[in-house]
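Our numbering puts the first residue of the first sequence at 56, with every later residue one more than the last.
All C-beta atoms in this analysis are idealised placements derived from N, C-alpha and C, irrespective of residue type, glycine included.
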Amino acid sequence: MREAQEKNKEKPAYDGRCRELDAGERASRLAAGEPAVLRFKVPAGETCFTDLIRGEVVFQNKEVDDWVMVRADGTPIYNFAVVCDDVDMKITHVLRGEEHLTNTPKQILLYQALGLPFPTFGHLPLMLGTDGKKLSKRTGDTALQDYREKGYPKAAIVNFLCLQGWALDGKTEVFTVDELVKHFDPTQVSKAGAVFDQDKFRWMAGEYLRKEPLEQLFEHCAPYLVASGLVSQAELASKRAWLLQALALEKDRLHIYAELPERLKWMFADDRAIAYAEAALANVRKQADWKGTLSAYLEWLRPKLADRVAKDALRDATKAWVAERKLKMPALFQPLRCALTGEAGGPDLFDAIELIGSERALVRIESGLARMA
RNA sequence: GGCCCCAUCGUCUAGCCCGGCCUAGGACACCAGGUUUUCAUCCUGGCGACAGGGGUUCGAAUCCCCUUGGGGUCACCA
Numbered sequence: 056m057r058e059a060q061e062k063n064k065e066k067p068a069y070d071g072r073c074r075e076l077d078a079g080e081r082a083s084r085l086a087a088g089e090p091a092v093l094r095f096k097v098p099a100g101e102t103c104f105t106d107l108i109r110g111e112v113v114f115q116n117k118e119v120d121d122w123v124m125v126r127a128d129g130t131p132i133y134n135f136a137v138v139c140d141d142v143d144m145k146i147t148h149v150l151r152g153e154e155h156l157t158n159t160p161k162q163i164l165l166y167q168a169l170g171l172p173f174p175t176f177g178h179l180p181l182m183l184g185t186d187g188k189k190l191s192k193r194t195g196d197t198a199l200q201d202y203r204e205k206g207y208p209k210a211a212i213v214n215f216l217c218l219q220g221w222a223l224d225g226k227t228e229v230f231t232v233d234e235l236v237k238h239f240d241p242t243q244v245s246k247a248g249a250v251f252d253q254d255k256f257r258w259m260a261g262e263y264l265r266k267e268p269l270e271q272l273f274e275h276c277a278p279y280l281v282a283s284g285l286v287s288q289a290e291l292a293s294k295r296a297w298l299l300q301a302l303a304l305e306k307d308r309l310h311i312y313a314e315l316p317e318r319l320k321w322m323f324a325d326d327r328a329i330a331y332a333e334a335a336l337a338n339v340r341k342q343a344d345w346k347g348t349l350s351a352y353l354e355w356l357r358p359k360l361a362d363r364v365a366k367d368a369l370r371d372a373t374k375a376w377v378a379e380r381k382l383k384m385p386a387l388f389q390p391l392r393c394a395l396t397g398e399a400g401g402p403d404l405f406d407a408i409e410l411i412g413s414e415r416a417l418v419r420i421e422s423g424l425a426r427m428a
C-alpha cells in the first residue's frame, strides 16, 4: 500500500480501510487469525497547546495520521508507551527536542481520549553540526558521556550546553548550577537551533579546569596519566609530590584533563634521546651561534648545579650571565629550552630543571649540543 | 513535496514579547599590541551582524505581510 502511495506521489498514510469496521466483523476477522494492529482513530478538528518555548501551536488533525499504537505482535509503539509512562509517573512537564514537535498532537489526542489532562510541553531548539543540520555521526554527534571521557570538566559541560539557546543575562558566560537554577526560564530559550562551537567549549573547559584546586585537578587528570602509560597506578602515589609540582607548572596550559600527559611527556623522555619538536628546532636555528652560547653556558652552569644553587638565584644569575655577554634572552633560552624539553613552549626553565633534577638536565644539554640542528 | 518551526557579527547570544535609551551590547574564534626566557594564562585595542522587500508609525532590529534562506517531521523507530 505504502509503495503504491509513493508511486502515485500521494501522502504516505493509512488509508483508513478498516477505520469503520463494526464490532462483529472485527471480532470475526480477529478470530480467523488475521493479523492486525491497533491504531488511534484521530478525530476531526484541530489540536492546540501552549508550548513553553514556542507559544501557541496548532495542528490540523487531518494532518495527523491514524497512528499505530500497538504492533501486530502486540508490542507498543513509542507514542503510546510514553504517554502511558508519563501518566503513570505523574509527569507535569515535558521538555524535549524540537524533533518531537510533530509527535505532540498524537500524544495530546491520546491524553484527551483517555480523559486525562496533558502535561506542559516545551520543545527545545536542536543542536546543530557545523553543516547547520541536526547532529549526526558525520557532524560530531557525541554523547555527553564521551565528553566526560575526553576529559571535559563536568560543570563546564553543563554550563556550555546551557549557553546553546539560552543566556543568563547576555553578558555572563560562566555560571554555577545554583545561578542557573535561580535564573533559568524556559520561556526565554531561543527557538532557533544552535551550531555547536567546539572552540568555545574548549575555552570554557579551560575556565573551569583552571579554577580547580590543585589536588582535585590532579585526581581528575590522574586516570589520563595512567592511560597514557607515562605513569603507573603505583607511581601515582609514590611520585605524587613530583607530579603535583609538574601539574602546577602546566595548569595554565591545560583546557581538558586528557591533555596533561601530552604536556608532561618531556619529563619522562630519555635524556639522551629526547625528541625535538620542529617548532622548537626552528626557534633554536634563529639564534646566531646558539651552539657556542649553549656550550659556554653549560660550563658555567655545571659548578652552579653541583653547588645546588637555588632555583630563583640560578634564574637571576643566568639572566645576568646573558646580559654580561650582551645577548638577547632568547639566544640562550631557546636552545636551552629545546635541549631540556624538546618543546617550543612550556614552563619556566628553572622550574623545569628543578623538576628533572640537575643530573638529567646536564645530560640533556650535552645531548642537545650534539643532536639539535 | 505536504505539514510545522525558525531567521541579529564566522559561531553562541543580549536587545524583540511591553517600538525611540541601539552610531546594536557581551563571549568564543581571528588580527594587532602589552606582559613573559618560550608557550599558555592575563591585559588593551581591532575586525565583524539586524537576510531582502513592502507596509503600520513622527520613529522599527523590535509590530504586520510577502519573498528568500535554513531546519524539523512525515515508520508496525525512539
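{"Query": "Residue of VAL123, PRO98, ALA86 and GLY110 minimising C-alpha distance to ALA68", "Result": "VAL123"}
{"Query": "Sufficient close CB pairs (3 or more, under 8 Å) joining the stretch 171 to 190 to the stretch 147 to 162", "Result": "yes"}
{"Query": "LEU280 CB to nearest heavy atom of the ligand GTP below 7 Å", "Result": "As far as ligands go, the structure on display features none, and thus does not contain the ligand GTP."}
{"Query": "Outcome for TYR133 when other beta-carbon atoms lying within 10 angstroms are tallied against a minimum of 16", "Result": "exposed"}
{"Query": "Beta strand (DSSP E) runs contained entirely in the stretch 174 to 261, provided each spans 3 or more residues", "Result": "175 to 179"}
{"Query": "Extent of the continuous alpha helix (DSSP H) run through VAL377", "Result": "366 to 379"}
{"Query": "Status (buried if at least 16 other CB within 10 Å, exposed otherwise) for ALA335", "Result": "buried"}
{"Query": "Any beta strand (DSSP E) of 3 or more consecutive residues that is wholly inside the stretch 113 to 161", "Result": "123 to 125 and 148 to 152"}
{"Query": "Buried versus exposed call for PHE323 [16 or more other C-beta atoms within 10 Å across all chains shown]", "Result": "exposed"}
{"Query": "In chain order, each alpha helix (DSSP H) run of at least 4 residues that lies wholly inside the stretch 291 to 349", "Result": "295 to 305, 315 to 323 and 333 to 340"}
{"Query": "Residue interval of the alpha helix (DSSP H) (run including ASP406)", "Result": "404 to 411"}
{"Query": "Unbroken alpha helix (DSSP H) run spanning CYS276, endpoints", "Result": "269 to 283"}
{"Query": "Inter-stretch contact (C-beta, 8 Å, three-pair minimum) for the stretch 402 to 410 and the stretch 297 to 304", "Result": "yes"}
{"Query": "Three-state secondary structure (DSSP) of CYS393", "Result": "helix"}
{"Query": "Minimum C-alpha distance to SER245 - residue among VAL92, PHE251, TRP221 and VAL119", "Result": "TRP221"}
{"Query": "Closest Cα partner of VAL229 within the set TRP258, PRO316, ASN214 and LEU356", "Result": "ASN214"}
{"Query": "Inter-residue Cα distance where the pair is PHE239 and GLY284", "Result": "43 Å"}
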